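J.: Take this structure, written in structure tokens, and hold onto it; I'll ask about it next.
Residue numbers (this note's numbering): -11 to 369.
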């Protein structure tokens, strides 16, 4: 049997009101000043202040860093490193979705490993020597699960590409998963981040490196998402709670076993057209499932059953189709488009080459050629 490594947060807190633990965590560790990385919208809508009000009440000093874009760039990270050093902070609180957390991961790694200031040098598996800056991660979206992963994604604007960094040293020390932090998320963002979580769960479940420990986490996440996402989009508290847990659970798994080409293709759509990551994943997922279906054994049967389908007496062709149909239906029900208007014929060669070169591609259960990528991208036109 192969040796499988599993990297997880040291500690995580879950449930309504979990953010109230943060001041105690800071004081118990003798930490002095927080560098709070959070995006401008969360500041504007008073989401970030749910945490900073707790710091104010306890007299804990902090500095806010909000130069964060939806698809964080090399420049965002470098500017953040400079601001962290100037702030005199000794730890970080990242508040937001994947964008805030990915920016924070890049900042924290470079602050403690300054030889990687170029950011591009962190692509793939970088042999950093030191742990990131002590980080408390507070998700505000039920999707990326970045608070429990060893990955982050940065956009290289100059080269029109996204690159994935994989580093056990970047996982936040503490995750605080509080569904109340997600209650102000608009419908569209709830839907797209939720479909990102489903993509993590299905790709993680069917990826080449999947094994028993990751499988039980991913399958549970698929069940939770099938039951919770429509409710979460309707802002039902039970749905929010289900998605808060589901995105964390599947991230624990995919962080350790990798993903597949739905993510490769979503990364390149995000880099070229600035397509929101969750939307790109949701559009690609059923298309990629169709491409992969014959290499997945009985796993699509499990996926169909996780959605509540009775697969008794079904042939492999039937239960595979049922699984794909359920995923497509959920995506449409929560308002994700099935076509990408901005996709242009002349961009196809670049899109295909980018997707093939992406760090997530080798994890796919079936090898995709450039012709295969083109065939799949065309289904969005």
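For glycine and all other residues, C-beta sits at the position ideal for the given N, C-alpha and C. Nothing here was measured: the structure is a model prediction, and the numbers come from that model.
Contact defined as beta carbons within less than 8 Å: I believe residue 362 pairs with residue 340. What is the distance between those atoms, to the nearest angstrom?
T.: Contact flag correct, Cβ pair sits at about 5 Å.
J.: Does the segment 303 to 316 come within contact of the segment 224 to 232, defined as at least 3 CB pairs closer than 8 Å?
T.: The answer is no - the segment 224 to 232 does not touch the segment 303 to 316, with fewer than three Cβ pairs under 8 Å.
J.: Counting only the same chain and skipping the five closest in sequence on each side, list residues whose C-beta sits under 6 Å from that of residue 75.
T.: 23, 51.
J.: Taking just the CA atoms, how far does residue 187 sit from residue 273?
T.: Rounded to the nearest angstrom, the two C-alpha atoms are 6 Å apart.
J.: Counting C-beta neighbours from all protein chains within 10 Å, is the total for residue 204 16 or more, i.e. buried, or is it exposed?
T.: Counting Cβ neighbours within 10 Å, residue 204 comes out exposed, since fewer than 16 surround it.
J.: Measuring CA to CA, which of 11, 149, 297, 260 is closest to residue 44?
T.: Of the candidates 11, 149, 297, 260, the one whose C-alpha sits nearest the C-alpha of residue 44 is 11.
J.: Under a Cβ-count criterion, where at least 16 other Cβ atoms within 10 Å of its own Cβ denotes burial, should residue -1 be classed as buried or exposed?
T.: So residue -1 counts as exposed.
J.: If you run the structure through DSSP and keep just helix, strand and coil, what is residue 218?
T.: Helix, per DSSP.
J.: Please report how far the alpha carbon of residue 30 lies from the alpha carbon of residue 174, in whole angstroms.
T.: Computed Cα separation, rounded: 12 Å.
J.: Starting from residue 44 and walking both ways along the alpha helix (DSSP H), at which residues does that stretch end?
T.: 36 to 45 is the span of the alpha helix (DSSP H), which, as asked, contains residue 44.
J.: Only counting runs of 4 or more residues, tell me where the alpha helix (DSSP H) segments fall wholly within the segment 299 to 361, in order along the chain.
T.: Listed in chain order, the complete alpha helix (DSSP H) runs (minimum 4 residues) inside the segment 299 to 361 are 304 to 321, 336 to 345.
J.: Going by other Cβ atoms of all chains shown within 10 Å of its Cβ, with 16 needed for buried, is residue 320 buried or exposed?
T.: Residue 320 is exposed by the Cβ-count criterion.
J.: Helix, strand or coil: how does DSSP classify residue 117 here?
T.: Coil, per DSSP.
J.: Given this structure, state the Cα-to-Cα distance separating residue 81 from residue 359, to the nearest angstrom.
T.: Cα-Cα distance, rounded: 44 Å.
J.: For residue 56 and residue 305, what's the separation of their Cα atoms in angstroms?
T.: For residue 56 and residue 305, the distance between alpha carbons rounds to 45 Å.
J.: Within 10 angstroms of its Cβ, does residue 355 collect 16 or more other Cβ (buried), or is it exposed?
T.: Exposed: under 16 other Cβ atoms inside 10 Å.
J.: In chain order, which continuous runs of the beta strand (DSSP E) of length 3 or greater are located wholly inside the segment 155 to 237?
T.: List check, beta strand (DSSP E) in window: 162 to 165.
J.: So for residue 372, helix, strand or coil by DSSP?
T.: With the chain represented from -11 up to 369, any question about residue 372 goes unanswered, as that position is not in the structure.
J.: Once DSSP output is grouped into helix, strand and coil, what is the label at residue 149?
T.: Residue state, collapsed to three classes: strand.
J.: Could you tell me whether the Cβ atoms of residue 85 and residue 131 are closer together than 8 Å?
T.: Their beta carbons are under 8 Å apart, which means residue 85 touches residue 131 by this criterion.
J.: So, is residue 77 buried or exposed, given that buried needs 16 or more other C-beta atoms within 10 angstroms?
T.: Residue 77 should be labelled buried.
J.: Quick one: grab the DSSP three-state call for residue 78.
T.: Of the three classes helix, strand and coil, the one that applies to residue 78 here is coil, per DSSP.
J.: In angstroms with no decimal places, state the Cα-to-Cα distance between residue 87 and residue 288.
T.: Each residue's Cα considered, the two are about 31 Å apart.
J.: Tell me whether the segment 229 to 239 and the segment 322 to 331 touch, counting them as touching only if at least three CB pairs, one residue from each stretch, are closer than 8 Å.
T.: Contact between the segment 229 to 239 and the segment 322 to 331 is absent, because fewer than three Cβ pairs lie under 8 Å.
J.: Have a look at 290, 152, 158 and flag the residue whose alpha-carbon is nearest the alpha-carbon of residue 211.
T.: The option with the nearest alpha carbon to residue 211 is 290.
J.: Would residue 336 pass as an interface residue toward chain D - the criterion being a Cβ-Cβ separation below 8 Å?
T.: Any reference to chain D falls outside this structure, which holds one protein chain only.
J.: Please report the straight-line C-alpha distance between residue 21 and residue 323, rounded to a whole angstrom.
T.: Using only the alpha carbons, I get a separation of about 42 Å.
J.: Determine, using beta-carbon pairs with one atom in the segment 247 to 264 and one in the segment 135 to 154, whether at least three such pairs fall under 8 Å.
T.: Yes, they touch.
J.: Per DSSP, residue 374 forms a beta bridge with which residues?
T.: No answer is possible for residue 374: it lies beyond the span of the chain, which begins at -11 and ends at 369.
J.: Pull the bridge partners of residue 22 from the DSSP assignment, please.
T.: Paired residue(s): 50, 79.
J.: Count Cβ pairs between the segment 166 to 180 and the segment 1 to 10 that sit closer than 8 Å; are there 3 or more?
T.: These segments touch.
J.: Out of 264, 148, 217, 96, state which residue places its alpha-carbon closest to the alpha-carbon of residue 25.
T.: It is 96.
J.: Run through DSSP, which three-state label would residue 266 get?
T.: The answer is helix: DSSP assigns residue 266 an H, G or I state.
J.: How long is the line joining the alpha carbons of residue 301 and residue 317, rounded to whole angstroms?
T.: Each residue's Cα considered, the two are about 23 Å apart.
J.: For residue 150, count the other beta carbons within 10 Å of its own beta carbon; 16 or more makes it buried, fewer makes it exposed. Which is it?
T.: Its Cβ being crowded by 16 or more others within 10 Å, residue 150 is buried.
J.: Identify the residues that DSSP records as bridge partners of residue 143: which are they?
T.: According to DSSP, which records beta bridges pairwise, residue 143 is partnered with 61, 150.
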